[in-house]
């Protein structure tokens, strides 16, 4: 068993204010703050002749490499590198530009000033441009000016983001037309908080776009299909809080990961998802437990990751539960209504349950016989005998191929112990079981008692490890904030 001890407190570091670090136009034009000297006359950087034990190896790197490093930092951190040493003063101002307003001052007036000053003084190219989607409202003209500056030429990543807990109706006006001047170079795009009329979508083409996010966007069903078709290289697609369409049909030869979430049920929101032809699709995520969605998978031969199956903690009517259909096999909520054909491709599964039920999990394992990883979260903690009559005889259980079991909110009560011990005693190829416990329970007495009750000495898999932790084990619904979060081998890994 592995157990993690208490984490030592970190010393708080107070960084300088961003306003003090971002250069003004006058500072950039001042002597000594221009572009870096050419390679043939550049002086050796500090530390070049020092002993190996005290040498500043990072500062010894060429400017081009340091610039690439700094350009991948968040904007506030990249700007702060100018105060490290004289050697670093020109690096940020000459490196590929990255503007990411997350982490910058929350005041919109201050934020707009920082962005305006940066794009007006920084030379191209710009790698990433990320600003709040609320700027598309009262600052639309300012955003249009930013997007037209030469500093943003050949932009690769564009994002208009909104806070996940802030859920307004989308703005009714379209985004500035200057947004689409980067269509030939964009690789990542998140379009948020706007209306995409048919006239705007028609004729768009994004040949290099691999990741597309639509967040709080109003768009017609016809235009949505047209927009996806205009991205022939798309690999990750996130649709969050969409309006104006009720059905989406996925036909993509390149799509690998797709996720959808809505925070409320409305007449103008997605109700039906049909995966018609997705030969490369590996991950299909429904990120709202309490929003019923009918999902039909017609052709997705490589689909390995599925989630989240849920019996809807706040749903009272069975008809409102999400419905997954694989051919003639039907799963309503967590109940397998009809099992005529098993789904061999699925290996990773996330489940959210009202009350812990071993019968339910075993039935899902029958539906997905090649399941290797399962993430389980139970919302309600009630003492209940979770093992049904039909599974008292363990010899009748399916061949358990599970290698990883992640159990969120493990409290060590009877139902938890019965559930976990079933896999301890019967999962012959189990490699890891993670059990998230409360901080107050993280002590040797509780852990020793759980080891005994779970019968770890009698485990069916000799190489299995059991890890008790107070940390969150799996990513939840609101942990997926950006389409980049879908570009993971296993999106449920925390």
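In our numbering, the protein residues as written are 6 to 499.
For each residue, glycine too, the CB sits at the ideal point set by N, CA and C.
For residue 290, which residues from the same chain have a beta carbon less than 6 Å from its beta carbon, with the 5 sequence-adjacent residues on both sides left out? Here residue 290 refers to the residue found at position 285 of the chain shown. The beta carbon of residue 290 lies closer than 6 Å to those of 264 and 312 in the same chain, with the five residues before and after it left out.
On a CA-only basis, which of 342, 351, 375 and 303 is nearest residue 365? Give me that one, please. Taking the first residue of the chain shown as 1, we reach residue 365 at position 360. That would be 342, whose Cα lies nearest to the Cα of residue 365.
State the Cα-Cα distance for the pair residue 127 and residue 92, rounded to the nearest angstrom. Looking up residue 127 in the chain shown gives position 122. Looking up residue 92 in the chain shown gives position 87. Approximately 19 Å, taken between the alpha carbons.
Own chain, CB closer than 6 Å to residue 339, minus 5 neighbours either side, in chain order: As a position in the chain shown, residue 339 is number 334, starting the count at 1. Within the same chain, residue 339 has close Cβ partners 314, 316 and 365.
Environment of residue 89 [buried if 16+ CB atoms lie within 10 Å]: Taking the first residue of the chain shown as 1, we reach residue 89 at position 84. It counts as exposed.
Which partner residues does residue 471 have in the DSSP bridge list? As a first step, residue 471 must be located in the chain shown, where it is residue number 466. Answer is 438.
Could you check whether residue 300 and residue 286 sit closer than 7 Å to each other, using their CB atoms as the reference points? In the chain shown, the residue the question calls residue 286 occupies position 281. In the chain shown, the residue the question calls residue 300 occupies position 295. Result no, Cβ atoms of residue 286 and residue 300 do not sit closer than 7 Å.
Given this structure, state the Cα-to-Cα distance separating residue 158 from residue 188, to the nearest angstrom. If you number the chain shown from 1, residue 158 lands on position 153. If you number the chain shown from 1, residue 188 lands on position 183. Using only the alpha carbons, I get a separation of about 11 Å.
What residue does the beta strand (DSSP E) around residue 336 start on, and which one ends it? Within the chain shown, numbered from 1, the residue matching residue 336 stands at position 331. Per DSSP, residue 336 belongs to the beta strand (DSSP E) from 334-337.
On a CA-only basis, which of 192, 215, 214 and 165 is nearest residue 200? Give me that one, please. The count along the chain shown starts at 1 and reaches residue 200 at position 195. Comparing Cα-Cα distances from residue 200 to each of 192, 215, 214 and 165, the minimum goes to 165.
Collapsed DSSP secondary structure at residue 91 in the structure displayed: For the purposes of this step, residue 91 is taken as the residue at position 86 of the chain shown. Looking at residue 91 - three-state DSSP - the assignment turns out to be helix.
Does the Cβ of residue 463 have 16 or more other Cβ atoms within 10 Å, making it buried, or fewer, making it exposed? Stepping through the chain shown from its first residue, residue 463 is reached at position 458. Counting the other CB atoms within 10 Å of its CB gives residue 463 a total below 16, which places it among the exposed residues.
Tell me, to the nearest whole angstrom, how far the beta carbon of residue 211 is from that of residue 241; I am working on the premise that it is less than 8 Å. Here residue 211 is taken as the residue at index 206 of the chain shown, counted from 1. Here residue 241 is taken as the residue at index 236 of the chain shown, counted from 1. At roughly 13 Å, the Cβ-Cβ gap does not stay under 8 Å, so residue 211 and residue 241 are not in contact.
Rounding to the nearest angstrom, what Cα-Cα distance links residue 13 and residue 476 in this structure? Within the chain shown, numbered from 1, the residue matching residue 13 stands at position 8. Within the chain shown, numbered from 1, the residue matching residue 476 stands at position 471. Summary for residue 13: the model assigns pLDDT 44, below 50, so the residue's position carries little reliability; its value from the coordinates is reported in the next sentence. Taking the straight line joining both Cα atoms gives about 15 Å.
Those runs of the beta strand (DSSP E) which lie wholly inside the stretch 230-284 and span at least 3 residues: Counting only runs of 3 or more residues that sit fully inside the stretch 230-284, the beta strand (DSSP E) segments are 241-245, 252-256, 262-266 and 277-282, in chain order.
Rounded C-alpha distance that separates residue 382 from residue 356: Position 377 of the chain shown holds residue 382. Position 351 of the chain shown holds residue 356. Within the model, the alpha-carbon separation for residue 382 versus residue 356 is close to 6 Å.
Give every residue of the same chain whose Cβ lies closer than 7 Å to the Cβ of residue 185, excluding the five residues on either side of it in the sequence, and list them in chain order. Here residue 185 refers to the residue found at position 180 of the chain shown. The residues are 209.
Inter-residue Cα distance where the pair is residue 345 and residue 372: Start at 1 with the first residue of the chain shown, and residue 345 comes out as number 340. Start at 1 with the first residue of the chain shown, and residue 372 comes out as number 367. Residue 345 and residue 372 have their C-alpha atoms spaced approximately 9 Å apart.
Looking only at DSSP bridge pairs, what is residue 379 linked to? The count along the chain shown starts at 1 and reaches residue 379 at position 374. Residue 379 is bridged to 354 and 410.
What is the DSSP secondary structure of residue 76, reduced to helix, strand or coil? In the chain shown, counting from the first residue as 1, residue 76 sits at position 71. Three-state DSSP puts residue 76 in a helix.
Who are the near neighbours of residue 411 in its chain, counting only those whose CB is closer than 6 Å to its CB and skipping five residues on each side? Stepping through the chain shown from its first residue, residue 411 is reached at position 406. Sequence-distant Cβ neighbours of residue 411 in its own chain, meaning closer than 6 Å and more than five residues away, are 380, 439, 478 and 479.
Contact defined as beta carbons within less than 8 Å: I believe residue 353 pairs with residue 309. What is the distance between those atoms, to the nearest angstrom? For the purposes of this step, residue 353 is taken as the residue at position 348 of the chain shown. For the purposes of this step, residue 309 is taken as the residue at position 304 of the chain shown. Indeed, because the Cβ distance is near 6 Å, the residues count as touching under 8 Å.
Below 8 Å on the Cβ atoms is my guess for residue 141 versus residue 180; work out the distance and round it to an integer in Å. Sequence index remark: in the chain shown, residue 141 carries index 136 (1-based). Sequence index remark: in the chain shown, residue 180 carries index 175 (1-based). Between residue 141 and residue 180 the beta-carbon gap is near 6 Å, inside 8 Å, which marks them as a contact.
Straight-line gap, residue 222 to residue 146 (C-alpha atoms, nearest Å): Residue numbering aside, residue 222 sits at position 217 when the chain shown is read from its first letter. Residue numbering aside, residue 146 sits at position 141 when the chain shown is read from its first letter. The straight-line gap from Cα to Cα measures roughly 20 Å.
Quick one: residues in its chain with C-beta nearer than 8 Å to the C-beta of residue 120, no 5 flanking neighbours on either side, listed in chain order? Translated into the one-based positions of the chain shown, residue 120 becomes position 115. The answer, listed in chain order, is 104, 106, 136 and 151.
Report yes if the CB atom of residue 193 is closer than 7 Å to the CB atom of residue 162, and no otherwise. Here residue 193 refers to the residue found at position 188 of the chain shown. Here residue 162 refers to the residue found at position 157 of the chain shown. Taking 7 Å as the cut-off, the beta carbon of residue 193 is found closer than this to the beta carbon of residue 162.
Of the choices 256, 246, 337 and 251, whose alpha-carbon is the least far from that of residue 292? Counted from its first residue, the chain shown places residue 292 at position 287. The shortest C-alpha separation from residue 292 is found at 246.
Helix, strand or coil for residue 144, going by three-state DSSP, please let me know. Against the chain shown, residue 144 aligns to sequence position 139. Three-state result, residue 144: coil.
As assigned by DSSP and simplified to three states, the class of residue 30: The sequence position of residue 30 within the chain shown is 25, counting from 1. Only weak support exists for where residue 30 lies, its pLDDT of 42 falling under 50; the value from the coordinates is given anyway. Helix at residue 30.
Identify the continuous beta strand (DSSP E) that holds residue 300 and give its terminal residues. On the chain shown, residue 300 is found 295 positions in, with the first residue counted as 1. Secondary structure note for residue 300: its beta strand (DSSP E) is the uninterrupted segment 299-302.
Compute the distance between the beta-carbons of residue 224 and residue 197, then report whether it is under 7 Å. Mapped onto the chain shown, residue 224 falls at position 219. Mapped onto the chain shown, residue 197 falls at position 192. It is not a contact, given that the beta carbons lie outside the stated cut-off.
In three-state DSSP terms, what is residue 208? By one-based count along the chain shown, residue 208 stands at place 203. In the three-state scheme derived from DSSP, where H, G and I count as helix and E and B as strand, residue 208 is classed as coil.
Exposed or buried, which one is residue 496 when buried takes at least 16 other CB atoms within 10 Å? Along the chain shown, read from residue 1 onward, the residue named residue 496 stands at position 491. That one is buried.
Identify the continuous alpha helix (DSSP H) that holds residue 120 and give its terminal residues. On the chain shown, position 115 is the one that residue 120 refers to. Element bounds for residue 120: 113-126.
Going by the beta-carbon positions, is the gap between residue 437 and residue 470 smaller than 7 Å? As a working mapping, residue 437 is identified with position 432 in the chain shown. As a working mapping, residue 470 is identified with position 465 in the chain shown. In contact: residue 437 and residue 470 (Cβ atoms closer than 7 Å).
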